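Visitor: There's a structure below that I have some questions on.
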Amino acid sequence: MVWQNASRQRPPLTERRFLVIRFENVGHRYGMGPEILRDVSFHLPERSFQFLSGPSGAGKTTLLRLLFMSLKPTRGLITIFGKDRSKITRTELPLLRRNIGVVFQDFRLLDHLTTYENVALPLRVRGREESTYRGDVIELLKWVGLGERMHVLPPILSGGEKQRAAIARALIEQPRILLADEPTGNVDPQLARRLLRLLLELNRLGTAVVIATHDLGLMDQVDARRMVLSGGRLEIYD
Amino acid sequence: MTETTRLLKNLGARLSSSARGAVARKQMPIVPPDNVAGRAMVLVIAIMTFLSCLTLGAVTLVRDTAATWQTQIAREATIQIKPEEGLDMAAALTRARDIAAGYSGVIDASVVDAQATARLLEPWLGTGLDIESLPVPRLVIVTIDPMSRPDFAAMRAELEETVANATLDDHRTWVDRLVAMARTTVTIGMSALALMLSATALTVIFATRGAMAGNGHIIEVLHFVGAEAPFIASQFRRHFLLAGMKGAAAGGIGAILVFIGFYWWSSRNMATPEADQATALFGNFAIGPSGYIGVGAIVIVIAVLTAATTHVTVLSYLKNVDSTHPDSM
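Residue numbers (our numbering), protein chains in the order written: chain F, 1 to 238; chain A, 1001 to 1329.
Have a look at this one:
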């Protein structure tokens, strides 16, 4: 079973943790506008769990986009999986992105595909035969509590179900790091706690997790590193 | 042990074969079936293909007809003998015919007899005409092998020397004017076709881009889940190639049906004054094999153009998705 194997294949937590991503004096501006991020430096070790917070417009989404290689920094150095971001070519990007799972704030599910097909999409686009991944997708859907909703189209799903489907899609390839943009922004507190448990469990199985959120209540539930953006600068509270 | 861990450990056991079988069905294509923009694109492609094929058919028709006129006129020459006091017209006609027939490149030479001449003049002079009592010029029709034309200069000189009042008209003036007219007509037609094809190409490009615009979110999602650009492009290219082929084939078939309809109409109305007029101008409305091949080529070119536009649009979208969309996450 993929998820159990995944936890066995990875080294125990006590072993030395490698850096997944490192930022050094990174700055970013859109066009000729003001600098959104200024001198941001931090590192994300393997299997780490952190919240990214800050007021609206502080640059959380920009930082997530830089982590996801959807943007290039206007200055500074970003190292992702040991590679200098500025030297990663366009053709290398998709291959590196397969190590990063992203949960979008607006889910980004394709409305004409069922929940099952949406979750299986990352495997399908790699040209894999459906028979090779069908069991894994069903298993993951059951794990996130969508076993009974796998043949339903996204417009029929509730906000929480969409969120879980988006998380499942981000996890199906067992990424080394998961980026979640306001994953609990559209759900009630009870479901938010359930989603948080899901992400913690995922982290326990070996995936580094970054959750961008405004929700102080959510952050208070976990004793994890907090990265706070304010005025384009980043403060880290370990 | 947490709830999720328990779930995780029991998953394998709980997976029944029926659950696996339940999803063993045909998956939806990644690019969704046609939406309103897609249907509009197919319709636009069908209309533009129809118009392009009609233009091509019309140009083919004019070109073939002009070539036919030219060949028909070039196949004949006329010897005209004007009447004169004391001229033995019958002997002059026979002499002129014999001279013409003696030249190599002349297939046949025949005198237009009195009855035939009277019929020619019937529209102006009425019936019951006694042609012998009028000073009407008489004709000898010389049929020529267009592949090996006779020496008209020598024939003209001999006729003028031997037969009184004989003149040879090799239709050169008419042929030259017809050739010029046919060339002009075909040039205008080809220019119209080039404009039509350019308009079609641009319309197809804009319609395809319009239909693609509604699929931007799909390209983005595929991109963000790690799909490589060639994979994304191939998915859209295949979809739009089929849509383009559907529209182009519908337009091409529509144009062919119009030509078949005209051909059928002209065949049914043969020997009526309207049909005679139309046939004189356009032949029998058959566009021939080259016309049908042209229609097929237009259909293929438009379908390929649709696919190529899709390919370029997807790649251009992917090029920009990582830099120009501040809200793309």
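Ideal Cβ positions, reconstructed from N, Cα and C, are used throughout, including at glycine. If you're wondering where the values come from, they're calculated on a predicted model, not measured in any experiment.
#1: Is ILE1218(A) near LEU110(F), with beta carbons less than 8 Å apart?
#2: Buried or exposed, going by whether 16 or more other CB atoms sit within 10 Å of the CB of LEU37(F)?
#3: Would you kindly check if the distance between the Cβ of PHE51(F) and the Cβ of ARG226(F) is under 8 Å?
#4: Please confirm if the segment 121-141 of chain F is in contact with the segment 1224-1233 of chain A, defined as three or more CB-CB distances below 8 Å between the two stretches.
#5: Give me the subset of the segment 48-78 of chain F whose CB atoms are less than 9 Å from a CB atom of chain A, sorted by chain position.
#6: Check the Cβ-Cβ distances between ILE211(F) and every residue of chain A, and say whether any is below 8 Å.
#7: Would ILE1079(A) and LEU1139(A) be called neighbours here (beta carbons separated by less than 8 Å)?
#8: Taking Cβ to Cβ, would you say VAL119(F) is nearer than 8 Å to ILE172(F)?
#9: Rounding to the nearest angstrom, what Cα-Cα distance links LEU1338(A) and THR1309(A) in this structure?
#10: Less than 8 Å separating the beta-carbons of ILE1144(A) and GLY1105(A)?
#11: Can you tell which of LEU179(F), LEU191(F) and ALA192(F) has its C-alpha closest to the C-alpha of ASN203(F)?
#12: Where does the unbroken alpha helix (DSSP H) through ARG193(F) begin, and where does it stop?
#13: Is the CB of ARG169(F) under 8 Å away from at least one CB in chain A?
#14: Please go through the same chain and pick out, in chain order, the residues whose beta-carbon is closer than 7 Å to the beta-carbon of ARG1149(A), but skip the five residues on each side of it.
#15: So who's on the other strand from HIS1223(A), going by DSSP bridges?
#16: Checking the sheet assignment: what are the DSSP bridge partners for TYR237(F)?
#17: Report the residues of the segment 1204-1227 of chain A with a CB closer than 9 Å to any CB of chain F, ordered along the chain.
#18: Assuming THR1187(A) contacts ALA1066(A) under a Cβ cut-off of 8 Å, what Cβ separation, rounded to an integer in Å, is found between them?
#19: Is it true that the CB of LYS162(F) sits closer than 8 Å to the CB of PRO175(F)?
#20: Distance check for ILE1030(A) and VAL1023(A), CA to CA, integer angstroms please.
#21: Please check if any C-beta of chain A sits within less than 8 Å of the C-beta of ARG10(F).
#22: Please list the partners that PRO1032(A) has in chain F, where partner means a Cβ-to-Cβ separation under 7 Å.
#23: Short check: CB of GLY1214(A) to CB of ASN1035(A), under 8 Å?
#24: Kindly list, in the order they appear in chain F, the residues whose Cβ is closer than 8 Å to that of PHE1231(A).
#25: Which residues in chain A sit within 8 Å of LEU121(F), going by Cβ to Cβ distance?
#26: Looking at VAL144(F) and GLY76(F), is the spacing between their C-beta atoms short of 8 Å?
#27: Checking contacts by CB at 8 Å: is ARG98(F) closer than that to chain A?
#28: Who pairs with LEU178(F) in a beta bridge, going by DSSP?
#29: With DSSP as the reference, label GLN1080(A) as helix, strand or coil.
#30: Pair every Cβ in the segment 1285-1297 of chain A with every Cβ in the segment 1249-1264 of chain A, then say whether three or more of these pairs are closer than 8 Å.
#31: The ligand MN heavy atoms versus the CB of VAL102(F): any closer than 7 Å?
#32: Looking at the unbroken alpha helix (DSSP H) that takes in GLN1070(A), where does it start and where does it end?
#33: For chain A, check one thing: does any of its Cβ atoms lie closer than 8 Å to the Cβ of VAL102(F)?
#34: Does PRO94(F) get closer than 8 Å to chain A when you measure Cβ to Cβ?
Guide: So, from the listed chains and residues:
#1: In this structure, LEU110(F) lies closer than 8 Å to ILE1218(A) by Cβ.
#2: Flag for LEU37(F) reads buried.
#3: A contact, by the Cβ cut-off of 8 Å.
#4: Enough Cβ pairs lie closer than 8 Å, so yes.
#5: Listed in sequence order: THR61, THR62, LEU64, ARG65, PHE68, MET69, SER70, LEU71 and LYS72.
#6: no
#7: yes
#8: Cβ distance < 8 Å, so VAL119(F) and ILE172(F) count as in contact.
#9: Past the edges of chain A, shown from 1001 to 1329, lies residue 1338(A), and the structure says nothing about it.
#10: yes
#11: LEU179(F)
#12: Element bounds for ARG193(F): 189-204.
#13: Between ARG169(F) and chain A, the shortest Cβ-Cβ separation is below 8 Å.
#14: Counting only Cβ-Cβ distances below 7 Å, and skipping sequence neighbours, we find GLY1105.
#15: The partner list for HIS1223(A) (beta bridge, DSSP) is empty, contrary to what the question assumes.
#16: ARG226(F)
#17: Those residues of the segment 1204-1227 of chain A that come within reach of chain F (Cβ to Cβ, closer than 9 Å) are HIS1217, ILE1218, GLU1220, VAL1221, LEU1222, HIS1223, PHE1224, VAL1225, GLY1226 and ALA1227.
#18: Contact flag wrong, Cβ pair sits at about 11 Å.
#19: Here PRO175(F) is not near LYS162(F), since their CB atoms are 8 Å or more apart.
#20: Here the model assigns VAL1023(A) a pLDDT of 47, short of 50, so the residue's position is not dependable and the matter cannot be decided.
#21: Confidence at ARG10(F) is low in this model, with a pLDDT of 44, below 50, so its placement is unreliable and the value that follows should be read with caution. By this cut-off, ARG10(F) is not an interface position.
#22: HIS112
#23: With contacts defined by Cβ atoms closer than 8 Å, GLY1214(A) and ASN1035(A) form a contacting pair.
#24: VAL125 and GLY127
#25: ILE1030, VAL1221, LEU1222 and VAL1225
#26: no
#27: yes
#28: GLY101(F) and VAL209(F)
#29: Shown here, GLN1080(A) sits in a strand according to DSSP, grouped into three states.
#30: yes
#31: In the structure shown, the ligand MN is absent, as is every other ligand, since no ligand is present at all.
#32: 1036-1074
#33: yes
#34: yes
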